[in-house]
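What follows is one structure encoded as structure tokens, with my remarks underneath.
Chains as they are written, first to last, in my numbering: chain A, 455 to 819; chain B, 277 to 586.
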């Protein structure tokens, strides 16, 4: 939170208390404002929150531990497919949400360890390629495991996933407060996801200033030196991989339940790259960066979709660049230009301190 | 038996294309220690530019001989790719030479997607039929084994190109400068080597090879589209690692070996897994090989370079 507060331009430094309340108000009011522009915008906000969770998780791996993972979306897929297997008509299993969620997280975490073991000795650039290959392998399996036994239902994906059910309270149904007032399901999902993101932020922040987080930072900055001072770099890398993957798995479960269907298409390399761009754009190794990056890059393409298409129509009479192309263009340019002009991201990570008190002090400055 | 020979032949053909692409990766890696992610997409630009040229020529001079048409389209595609290679180096990678490790890599990924997006804007998302200018009528040298002239052409011309590249690197002045720069930047520049030029030259040569490989790839499969460069790029990178990254001979060997493993694997996977996996899993072989090589022999088959360079 402190980090987010200090990231608020102008106000963050002068009046942290006001900045804090500003963030809280924005977070709560966002869907209500978005509703004014149409229901689809609330949905987009919901997805933005999922992207935030993904960015937070990838930030653990890339930003904190310095391991470039290009197959991150595979863990998201593992989570989503776990949910699809265990809570859909596909295998006719309908386990409750609170059982599937930890399972999805655990499977994704295990996948992270499985991927981590063989690639531990690799340096940054090799690691990137191998993780990319891992992501592709998962996708190839999702696409083809419908024959001879139908497990994933191939490219069509799996339909009719159960919605999130919090102890008998179904988020997919509008909440009836009184006779006339009901809260739309999209809001319910928004606030539930928001709670998840806040929980993640707190977790990641505690993690960052913990022994583990400091070990990661040491390893990222100089692996040899980290080893020399007694950090078990192997275990630390494995931990980074599996924790990051767990985040992906949780987000994947939420995604599956929210969207109601999963298909391999949602887990393409482009999505891995999109999440990576969010982390890079916001600032690697920085919680506020991941949040701001995810928020900006999840929303911007949608805004462009609404603005650029009609604009092109009036200017050229037809649509030159469709929204999907615009999104790719935006992401790739964001990545290149950010690296060239501002490599530390929108909100650069400050030097880390060993003690939480110092972190607070630096935030209050 | 026929299947075996057939798959070996197919493997040789696709392997020599991989080898050509792998050379581009390995040269750049040898000199800069950078994985040029966008290399596969240069291949795609080469193929699509050649396609565009062919379409143009077919419209202007319908009676032109196929060989002339192929030559002209290569003459267009190669310089276009060279320019892209040069521009990438000059505008992006050169500025990042002293940046932290991840920065150039992330830029390269961005470059790759930028090229794909631009290609999507120019050529659309559709798969284009690539004219098969060299005959694809199969011949049967042995009963039950099929070879097409275009495949023979691919193998022979990539062999020639590889010989030419070896001569360039080992016998010429610029080749010596390249080797010196790969060995040690700073010392090379102290010895009067213009390292910037050498690095740009390396990118340009790699891009030219990619353009040729792109035309071969598209001719072999008869299709071209904006995303066609991604998979061969990844596989060629695997080939480069398999052979020992930074080592030219290694890239050639790695390419051939990878091509063979892949086509033999695709041919036999159904028998080996009792029908559970089929040839749609062909693409995973490259990644499995990559993983195995990196775990057990990170220096590759021919590489002696220590993997960690200060």
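We treat Cβ as the ideally placed atom computed from N, Cα and C, and that holds for glycine.
Measure the C-alpha to C-alpha separation of residue i and residue j and round it to an integer number of angstroms.
i, j, result
"residue 600/A", "residue 610/A", "10 Å"
"residue 303/B", "residue 450/B", "13 Å"
"residue 766/A", "residue 399/B", "19 Å"
"residue 695/A", "residue 565/A", "9 Å"
"residue 392/B", "residue 401/B", "10 Å"
"residue 801/A", "residue 465/A", "15 Å"
"residue 709/A", "residue 504/A", "7 Å"
"residue 607/A", "residue 281/B", "35 Å"
"residue 538/A", "residue 506/A", "22 Å"
"residue 626/A", "residue 458/A", "31 Å"
"residue 602/A", "residue 531/A", "22 Å"
"residue 799/A", "residue 793/A", "8 Å"
"residue 496/A", "residue 685/A", "45 Å"
"residue 787/A", "residue 339/B", "43 Å"
"residue 659/A", "residue 741/A", "7 Å"
"residue 341/B", "residue 544/B", "40 Å"
Verify whether the separation of the beta carbon atoms of residue i and residue j is less than 9 Å.
i, j, result
"residue 751/A", "residue 735/A", "yes"
"residue 674/A", "residue 739/A", "yes"
"residue 253/B", "residue 491/B", "Residue 253/B is absent from the model: chain B starts at 277 and stops at 586."
"residue 294/B", "residue 315/B", "no"
"residue 522/A", "residue 704/A", "no"
"residue 624/A", "residue 548/A", "no"
"residue 526/B", "residue 577/B", "yes"
"residue 583/A", "residue 557/B", "no"
"residue 784/A", "residue 764/A", "no"
"residue 360/B", "residue 483/B", "yes"
"residue 715/A", "residue 613/A", "yes"
"residue 717/A", "residue 527/A", "no"
"residue 524/B", "residue 445/B", "yes"
At the 9 Å Cβ level, is residue i part of the contact set with chain A, yes or no?
i, result
"residue 389/B", "yes"
"residue 491/B", "no"
"residue 508/B", "no"
"residue 517/B", "yes"
"residue 478/B", "no"
"residue 504/B", "no"
"residue 575/B", "no"
If I follow the unbroken alpha helix (DSSP H) through residue i, where does it start and stop?
i, result
"residue 415/B", "Run containing residue 415/B: none in the alpha helix (DSSP H); it sits in the beta strand (DSSP E), 415 to 418."
"residue 455/B", "449 to 459"
"residue 490/A", "Careful: residue 490/A lies outside any alpha helix (DSSP H) and carries neither H nor E."
"residue 722/A", "Run containing residue 722/A: none; DSSP gives neither H nor E here."
"residue 520/A", "Taken as a continuous stretch (DSSP letters only), residue 520/A belongs to no alpha helix (DSSP H), as it is neither H nor E."
"residue 756/A", "741 to 770"
"residue 362/B", "342 to 367"
"residue 467/A", "465 to 468"
"residue 315/B", "315 to 336"
"residue 540/B", "524 to 548"
"residue 526/A", "Counting along the chain, residue 526/A falls outside any alpha helix (DSSP H), and DSSP gives it neither H nor E."
"residue 675/A", "665 to 675"
"residue 689/A", "687 to 713"
Of all Cβ atoms in chain B, is any one closer than 9 Å to the Cβ of residue i?
i, result
"residue 619/A", "no"
"residue 632/A", "no"
"residue 695/A", "no"
"residue 520/A", "yes"
"residue 635/A", "no"
"residue 719/A", "no"
"residue 598/A", "yes"
"residue 800/A", "no"
"residue 643/A", "no"
"residue 588/A", "yes"
"residue 480/A", "no"
"residue 505/A", "no"
Go to residue i, then tell me how far its beta strand (DSSP E) extends in each direction, as first and last residue.
i, result
"residue 423/B", "421 to 423"
Does any residue of chain C have a CB that is nearer than 9 Å to the CB of residue i?
i, result
"residue 704/A", "You won't find chain C in this structure, because its protein chains are A and B."
Is any heavy atom in the ligand GTP found nearer than 8 Å to the beta carbon of residue i?
i, result
"residue 473/A", "With respect to small molecules bound, the structure shown includes none, and the ligand GTP cannot be examined in it."
**Asked** In chain order, what residues of the segment 280 to 314 of chain B put their CB closer than 9 Å to some CB of chain A?
**Response** 305, 309, 310, 311 and 313
**Prompt:** For the segment 410 to 441 of chain B, which residues have a CB atom closer than 7 Å to at least one CB atom of chain A, in sequence order?
**Reply:** none
**Asked** Just by C-beta distance, which residues in the segment 339 to 355 of chain B are closer than 8 Å to chain A?
**Response** none
**Request:** Give, in chain order, every residue of the segment 764 to 780 of chain A whose Cβ lies closer than 7 Å to some Cβ of chain B.
**Result:** 775 and 779
**Asked** Along the segment 568 to 585 of chain A, what residues have a CB closer than 8 Å to any CB found in chain B?
**Response** 572, 573, 575, 576, 577, 578, 579, 580, 582, 583 and 584
**Asked** Of all the residues that make up the segment 780 to 796 of chain A, which are near chain B by a beta-carbon distance shorter than 7 Å?
**Response** 782, 783, 785, 786, 787, 789, 790, 793 and 794
**Message:** Counting only Cβ-Cβ distances shorter than 7 Å, please list the residues of the segment 552 to 569 of chain B near chain A, keeping chain order.
**Reply:** 552, 556, 557, 559, 560, 563, 566 and 567
**Contacting positions in the segment 365 to 390 of chain B - beta carbon closer than 7 Å to chain A** = 368, 371, 372, 375, 377, 378, 379, 381, 382, 383, 385, 386, 387, 389 and 390
**Prompt:** Taking Cβ-Cβ distances below 9 Å as the criterion, which residues of the segment 722 to 751 of chain A are in contact with chain B?
**Reply:** 723, 724, 727, 730, 731, 734 and 738
**Item:** Within 9 Å of chain B by C-beta, residues of the segment 456 to 476 of chain A in sequence order
**Value:** none
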